[in-house]
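Protein chains in written order, with the working numbering: chain A, 321 to 573; chain B, 157 to 283. First the structure, in the form of C-alpha cells, and then the observations on it.
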C-alpha cells in the first residue's frame, strides 16, 4: 500500500467519523476529528517537504563528492591550460624551423643567381666570339666549378625543403592535443548543465549520465591519448624513438 | 610495392607520402581511418601498411589486429607511426604483431631505417 493510499484510507475513516459525529450531534467530538484531520494534512505536508529537502541534500552531496567534478577543477582544467600552452610552443617551433629553412634557401638562391649571372655574361661574350683562348679556359673551369657548386648546394636546398615539409607535422600533433581539450570543455559544459538543473525550480535526481563518457574513443582498455605533453602527462611514456627501440628489443621484438 | 597510408590528419598522410616518394616508393594510397582502410586492404594487393593509432572510427591497434586475424592479410608488414608513447601501448602493438613502431615527431631518417629493417627481417625469415 502506498503512502497516499494509507493517507486516503485514514482520511476516509476520519471523514466517516466526522459525518457520524455531526449526525449524532456530538459537536465536541466533531471538533476533535476535524483537528485530527488537519494534523494529518500537516504531517503529510511536512513529510513531503522533508523528502524534498533530503533529495536536494543528497543530490548536492553526490555532486560535491562526485570525483569527476573535483578532478575537473583540480586536475583537468590546469592540464588543459598546459596542453594549450604546449600547442603554442609547438606551433612557434614549427614556424621557426620553417622560417630558418626559408631564409637559408633564399640566401642559397641569391648566390645561385649571382654565379649564374656572371657565367651568363662570360657566355654572352663567348657567343659573340669576344673571347680569347685563355679567357675561354677560365670560363670552362668556372663552369665546372658552377656545376659542382650547384650539385652541392642543390642538395642543401632539397634538404631545406624537406625541413619545411617535416616541420608541418605540428598540425597533426597539435590537432590531437586540441581535440583532447575540446573533450574536456565538453565535460565541463555537461557538469555545469547538471549543476544548473539541480539548483533550478524542478528538482531532478541525477537523471542524465554525463554524455562525455561516450565521447571518449571506445575500444581497447588502453586509451589512446594523443601526444604526451611534458609536465602534464607523467604516465609511463617513452621520451623518444630510441626509448621505443630499447623497450622493444628488451622484450625480444 | 603498393603502400597504404592511414592517418586521420591529412597533413600527416601527405608528409609520409612525400617521404616514401623520396625513398623511391611512388605507389601509395591513403585512408583516413581504420574502418575505411580495412576494406581497401581486403580489396587490394597492398604490400605494406603504415598506420597511425589514434583515429576516431577504428583505431590503428584494432586495424592491426583485424589485419592479423584475416587469413589473406595476416602476413602484411605493418608499421605504426603514432604520437601514442605509453609503454603499455608499445608493448600491446608489439604483441599484436606490429613490425615497426615510430613515435611522432619523427625524422625522415628514422622512417627509412625502420622500413629497411622490416624488409631485412622479412628477407631473412624467407631465406
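Note that the Cβ used here is the ideal one computed from N, Cα and C, for glycine as well.
Query, Result
"Closest Cα partner of residue 218(B) within the set 270(B), 192(B) and 243(B)", "192(B)"
"Cβ pair count under 8 Å reaching 3, the segment 481 to 500 of chain A against the segment 414 to 423 of chain A", "yes"
"Neighbouring residues, chain B, relative to residue 588(A) (Cβ below 7 Å)", "Residue 588(A) falls outside the range modelled here, since chain A spans only 321 to 573, and no answer is possible."
"Nonlocal neighbours in the same chain, by C-beta distance under 6 Å from residue 204(B), ignoring five residues either side", "159 and 233"
"Short Cβ contact (7 Å threshold) for residue 548(A) with residue 490(A)", "no"
"Same chain, Cβ closer than 8 Å to residue 477(A), five either side skipped, listed in chain order", "425, 428 and 429"
"Per-residue contacts from residue 234(B) into chain A (C-beta, under 9 Å)", "Within chain A, no residue comes near residue 234(B); the closest Cβ sits about 13 Å away, beyond 9 Å."
"Entirely enclosed alpha helix (DSSP H) segments - the segment 207 to 270 of chain B, minimum 4 residues", "216 to 225 and 243 to 251"
"Any 3 or more C-beta pairs closer than 8 Å across the segment 450 to 469 of chain A and the segment 239 to 251 of chain B", "no"
"For residue 184(B), the residue or residues it bridges with in DSSP", "159(B)"
"8 Å contact criterion, which residue 439(A) and residue 462(A) should meet: CB distance rounded", "6 Å"
"Alpha carbon of residue 271(B) to alpha carbon of residue 381(A), nearest angstrom", "57 Å"
"Which of helix, strand or coil DSSP assigns to residue 557(A)", "strand"
"8 Å contact criterion, which residue 274(B) and residue 229(B) should meet: CB distance rounded", "Not confirmed; about 16 Å, so no contact."
"Buried versus exposed, by CB contacts within 10 Å (16 or more), residue 206(B)", "buried"
"7 Å Cβ cutoff, residue 225(B) in contact with chain A", "no"
"Runs of alpha helix (DSSP H) lying entirely within the segment 323 to 397 of chain A, each at least 4 residues, in chain order", "323 to 343, 347 to 385 and 387 to 391"
"Proximal chain A residues relative to residue 241(B), where beta-carbon distance stays under 7 Å", "548, 557 and 558"
"Nearest-angstrom Cα separation, counted from residue 458(A) out to residue 171(B)", "44 Å"
"Any chain A beta carbon closer than 7 Å to residue 165(B)", "yes"
"Local conformation of residue 204(B) per DSSP, three classes", "strand"
"Same chain only: Cβ atoms within 6 Å of residue 399(A), ignoring 5 sequence neighbours per side", "552"
"CB contact check: residue 183(B) to chain A, cutoff 7 Å", "no"
"7 Å Cβ shell around residue 176(B) - same chain, five flanking residues per side excluded", "159 and 184"
"Cβ neighbours of residue 480(A) in the same chain (closer than 6 Å, five flanking residues each side left out)", "421, 424 and 425"
"Proximity to residue 222(B) [Cα-Cα], best of 245(B), 249(B) and 266(B)", "249(B)"
"7 Å Cβ cutoff, residue 568(A) in contact with chain B", "yes"
"Helix, strand or coil at residue 545(A) [DSSP, three-state]", "coil"
"Residues, ordered as in the chain, of the segment 262 to 281 of chain B that lie near chain A by beta-carbon distance below 8 Å", "262, 263, 264 and 266"
"Alpha carbon of residue 543(A) to alpha carbon of residue 568(A), nearest angstrom", "20 Å"
"Assigned secondary structure, residue 564(A) (DSSP; H/G/I helix, E/B strand, else coil)", "helix"
"Through-space distance from residue 402(A) to residue 211(B), alpha-carbon basis", "23 Å"
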